[in-house]
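Going by the working numbering, the first residue of the sequence shown is number 3, and it counts up by one from there. The structure under discussion appears below in the form of structure tokens.
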Amino acid sequence: MTNSLSASQWAWEFLRRNPKYRSDYSRLNTRGRQAIDQLFPLLQQTATDQEAAKWGLLAFEDPDIQARQALPFWAIGPTLEAEIVRTGDKPFLPMLRRAGTRANGLQLLGGAMVLTLERDNQSLQILLRDGRSFDETSNVILRLPVNLSLPAHIARGLNFCSLVADKQVKKIMARLAL
């Protein structure tokens, strides 16, 4: 693991030190949130969390947690959209575990789910529109919009590949110079 921080981690380091953010976090009494699932840490967004949007977050994160341990759910920045499917021989969560990628989820009030994936110095968010149906047997298909943001989405898609790929896939990607 490298000593440097990812862009997301740097953003969190700055935000967690902001006295106004700390005040909002304390005032809104968001401490003690419990995970709602055992497959991976999955939190439930609350009505109070909607006030975190002014900080660029989908939910409040404890400002006492340092960047390497925190996994904030960003409302700003690139997020890939994915569809949940039941086909494929390699379900998504076991694939992440084999690759050594950490996953945290946030169940949004409207039913969608945001997954934050992190390994080493890379992180990525995925939006699953029908998040309540996501489970251990689910697989995902990325949706890349064909518009002016396509190059950024392709770059995030390659980042996604490196986060979920095992050693064999990485060798193939290296041969293809991806």
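Glycine included, C-beta positions come from ideal geometry on N, C-alpha and C. On a predicted model such as this, the values are computed, not experimentally measured, just so you know.
Range covered by the alpha helix (DSSP H) that runs through residue i
i	result
Leu130	Here Leu130 belongs to no alpha helix (DSSP H); instead the beta strand (DSSP E) covers Gln124 to Leu130.
Leu95	Phe94 to Ala101
Arg18	Ala9 to Arg18
Proximity below 8 Å, CB of residue i to CB of residue j
i	j	result
Asn161	Leu126	yes
Gly102	Arg121	yes
Ala69	Glu15	yes
Thr50	Leu73	no
Leu82	Ile143	no
Ala131	Pro80	Residue identity check: residue 131 is Arg in the sequence provided, not Ala. For Arg131 and Pro80, no; Cβs fall outside 8 Å.
Contact set for residue i: own chain, Cβ-Cβ below 8 Å, skip 5 residues either direction
i	result
Asn141	Ile86, Val87, Arg88, Thr89, Gly90, Lys92, Pro93 and Phe94
Tyr23	Leu17, Trp57 and Pro65
Ile156	Leu146
Gln47	Leu60, Ala61, Leu108, Gln109, Leu110 and Leu111
Thr139	Arg88 and Pro93
Proximity to residue i [Cα-Cα], best of the options
i	options	result
Trp12	Gln124, Met97 and Leu146	Gln124
Ile67	Thr81, Tyr27 and Ser151	Tyr27
Ala84	Gln52, Glu138, Ala49 and Ala114	Ala114
Pro96	Arg19, Val166, Pro21 and Trp76	Val166
Ser8	Glu63, Leu152 and Gln71	Gln71
Leu45	Ser151, Gly133 and Leu152	Gly133
Cβ-based neighbour list, residue i, same chain, cut-off 6 Å, excluding 5 preceding and 5 following
i	result
Ser135	Ile86
Ala105	Phe42, Leu98, Leu117 and Leu119
Ser10	Ser125
The beta strand (DSSP E) enclosing residue i, as first and last residue numbers
i	result
Ala84	Thr81 to Val87
Arg24	First-last for Arg24: Pro21 to Arg29, but that is the alpha helix (DSSP H), not the beta strand (DSSP E).
Ile143	Asn141 to Arg145
Asn106	Arg104 to Gln109
Thr118	Met115 to Arg121
Contact with chain D by residue i, beta-carbon distance below 8 Å
i	result
Asn149	Of the protein chains in this structure there is only one, and it is not chain D.
Cβ shell of residue i (< 7 Å), same chain only, five flanking positions each side left out
i	result
Ile78	Gly58
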